[in-house]
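Have a look at the structure below, then the notes.
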Amino acid sequence: MYDSEFEDITALELKQFVKSHNEKEYLLVDVRQPDEYTKGHIPGAKFIPLNELVSDLSGLPANRDVIFYCHSGGRSLAAASMFSEEGITEKTIYNLEGGILSWEGKTLKGFPKIQVFDKTKAPAELLLTAMDLEKGAWRFYTYILDNFAVDPIIPTLEQLSKAEIAHAKTVYGFWEKTASTPIAFDELYARLEGEILEGGESLAEVLGYLENIEENQCLRILELAIHIEYAAFDLYKTMAEQEKDQTVRDSFLSIAQAEKSHMRMLVRALDQCD
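In our numbering, the protein residues as written are 753 to 1026.
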């Protein structure tokens, strides 16, 4: 048992915390109700309503910092206090002051699209799906480069296009360990269709949206890309928390960590649009 207390953390401090920490080092927990969560949640948060959380606090990690948040801070304060009293963690417990009302960063609506993964499948199949999602992201960025005159952000898009292939190779490294008869990356990647983006959206639907952008193409494309990367981060973090196989879990956390750099890259590129 550990002597554990909790600390308050401001929204600005939380934003810096997420930026500076590896995804393997902490867990962000949303303790609100389902309808609140779907109206807007902080990307990457694990959704555990307070009434479910208190029935099994032992399900929270003992080897990672845990940050609780709710609507305005009351329920998360209770969650942090109760988890602290359990004395099962040696890490820091935080409560987000002011709850999501104080959060000025990106939020996402709905639940992460975990249905793109068939969780009844073996680890190798889950990792293959992850590679296919990365191929979808590569197709998204490649399509923009081939079809839109967005000169100011071409270097950013080219960098992201290459990064998506690198992500797929990272997943491939994990896949090799689980596949019964692994084949070379280039051969496998060529077989992938990439019809779904890494956040779970349909590539065809997203490309259809792109074709209907008439004004401020540069800005609108970046806004869409930022949303996709945040959705991907949210999906991979959620899948990692639900996955029991350590290889798959490590793979998803690795991709989630990389998605954060993509978000920052895209946000910086906003200034390049006229």
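From the three backbone atoms N, C-alpha and C, an ideal C-beta is built for every residue, glycine too.
Go ahead and pull the three-state DSSP assignment for residue 1014.
Within the sequence shown, residue 1014 is the residue found at index 262, counting from 1. Residue 1014 falls in the helix class under three-state DSSP.
DSSP three-state label for residue 848, please.
The residue given as residue 848 occupies position 96 in the sequence shown. Three-state DSSP puts residue 848 in a strand.
Grouping DSSP H, G and I as helix and E and B as strand, with all else coil, what is residue 758?
For the purposes of this step, residue 758 is taken as residue 6 along the sequence shown, with counting starting at 1. Of the three classes helix, strand and coil, the one that applies to residue 758 here is strand, per DSSP.
Since I believe residue 963 is in contact with residue 886 (beta carbons under 8 angstroms), could you give me their beta-carbon distance rounded to a whole number of angstroms?
As a working note, residue 886 is residue 134 in the sequence shown. As a working note, residue 963 is residue 211 in the sequence shown. Contact check for residue 886 and residue 963: beta-carbon distance about 23 angstroms, past the 8 angstroms limit, so the pair fails to qualify.
Touch test, the segment 965 to 976 against the segment 893 to 906, Cβ-Cβ under 8 angstroms, three pairs minimum
These segments touch.
Quick one: what's got a C-beta closer than 6 angstroms to residue 992's C-beta in the same chain, skipping five residues either side?
In the sequence shown, counting from the first residue as 1, residue 992 sits at position 240. Excluding five sequence positions before and after residue 992, the CB atoms of its chain that fall closer than 6 angstroms to its own CB belong to 1001, 1004, 1005, given in chain order.
So, using beta-carbon positions, are residue 845 and residue 758 closer together than 8 angstroms?
In the sequence shown, residue 845 corresponds to position 93, counting from 1. In the sequence shown, residue 758 corresponds to position 6, counting from 1. Yes. Within cutoff.
Cα-Cα separation, residue 894 to residue 1013:
Counting from 1 along the sequence shown, the entry for residue 894 is found at position 142. Counting from 1 along the sequence shown, the entry for residue 1013 is found at position 261. Each residue's alpha carbon lies about 19 angstroms from the other.
Residue 877 versus 918, 801, 944, residue with shortest Cα-Cα distance:
Translated into the one-based positions of the sequence shown, residue 877 becomes position 125. Cα-wise, what sits closest to residue 877 is 944.
Same chain, Cβ closer than 8 angstroms to residue 791, five either side skipped, listed in chain order:
Translated into positions along the sequence shown, residue 791 becomes position 39. These residues qualify, in order along the chain: 861.
Identity of the residues DSSP links to residue 948 by a beta bridge:
Taking the first residue of the sequence shown as 1, we reach residue 948 at position 196. Beta-bridge pairing links residue 948 to 954.
So the candidates are 948, 830, 823, 937; which of them puts its Cα closest to the Cα of residue 884?
Looking up residue 884 in the sequence shown gives position 132. Considering only alpha carbons, the answer is 948.
Those residues which DSSP pairs with residue 798 across a bridge:
Position 46 of the sequence shown, counted from the start, is the residue given in the question as residue 798. Paired residue(s): 781.
Can residue 1007 and residue 988 be called in contact, C-beta distance under 8 angstroms?
Sequence index remark: in the sequence shown, residue 1007 carries index 255 (1-based). Sequence index remark: in the sequence shown, residue 988 carries index 236 (1-based). Closer than 8 angstroms, so yes.
Rounding to the nearest angstrom, what Cα-Cα distance links residue 976 and residue 1018 in this structure?
As a working note, residue 976 is residue 224 in the sequence shown. As a working note, residue 1018 is residue 266 in the sequence shown. Residue 1018 has its alpha-carbon roughly 10 angstroms from the corresponding atom of residue 976.
Assign residue 753 to one of three DSSP states: helix, strand, or coil.
Sequence index remark: in the sequence shown, residue 753 carries index 1 (1-based). Because residue 753 carries a pLDDT of 44, less than 50, the predicted location of this residue cannot be relied on, and the following value inherits that uncertainty. Coil.
When the Cα of residue 986 is compared with those of 952, 848, 970, 969, which residue comes out closest?
Reading the sequence shown from its first residue, position 234 is the one you call residue 986. Here the closest residue by C-alpha is 952.
Taking residue 831 as the reference, which of 804, 889, 762 has the closest Cα?
Looking up residue 831 in the sequence shown gives position 79. Here the closest residue by C-alpha is 804.
Three-state secondary structure (DSSP) of residue 860
The residue labelled residue 860 in the question sits at position 108 within the sequence shown. Secondary structure of residue 860 (DSSP, three-state): strand.
Exposure label - residue 794; buried when at least 16 CB within 10 Å
Locating residue 794 in the sequence shown gives position 42, counting from the first residue. Classification for residue 794: buried.
Status (buried if at least 16 other CB within 10 Å, exposed otherwise) for residue 800
On the sequence shown, residue 800 is found 48 positions in, with the first residue counted as 1. So residue 800 ends up on the buried side.
Limits of the unbroken beta strand (DSSP E) element including residue 820:
Indexing the sequence shown from 1 puts residue 820 at position 68. Residue 820 -> beta strand (DSSP E) spans 817 to 821.
Measure the C-alpha to C-alpha separation of residue 1023 and residue 796 and round it to an integer number of angstroms.
The sequence position of residue 1023 within the sequence shown is 271, counting from 1. The sequence position of residue 796 within the sequence shown is 44, counting from 1. Here the alpha carbons of residue 796 and residue 1023 stand approximately 26 angstroms from one another.
Which residue from 916, 868, 937 puts its Cα closest to that of residue 925?
Numbered from 1 along the sequence shown, position 173 holds the residue referred to as residue 925. Out of 916, 868, 937, 937 has the C-alpha closest to the C-alpha of residue 925.
Residue nearest to residue 712 in terms of C-alpha spacing, selected from 870, 909, 811:
What the structure shows of the chain is the stretch from 753 to 1026, and residue 712 is not part of that stretch, so it cannot be assessed.
Over the uninterrupted alpha helix (DSSP H) stretch that includes residue 1023, give me the two end residues.
Counting from 1 along the sequence shown, the entry for residue 1023 is found at position 271. Run containing residue 1023: none; DSSP gives neither H nor E here.
Locate the alpha helix (DSSP H) running through residue 875, then write down its first and last residues.
Reading the sequence shown from its first residue, position 123 is the one you call residue 875. Element bounds for residue 875: 875 to 899.
Hey, how far is the Cα of residue 852 from the Cα of residue 1020?
The residue you call residue 852 lines up with position 100 of the sequence shown. The residue you call residue 1020 lines up with position 268 of the sequence shown. Approximately 24 angstroms, taken between the alpha carbons.
Buried/exposed call for residue 784, threshold 16 Cβ in 10 Å
Within the sequence shown, the letter at position 32 stands for residue 784. When all chains shown are included, residue 784 counts as buried.
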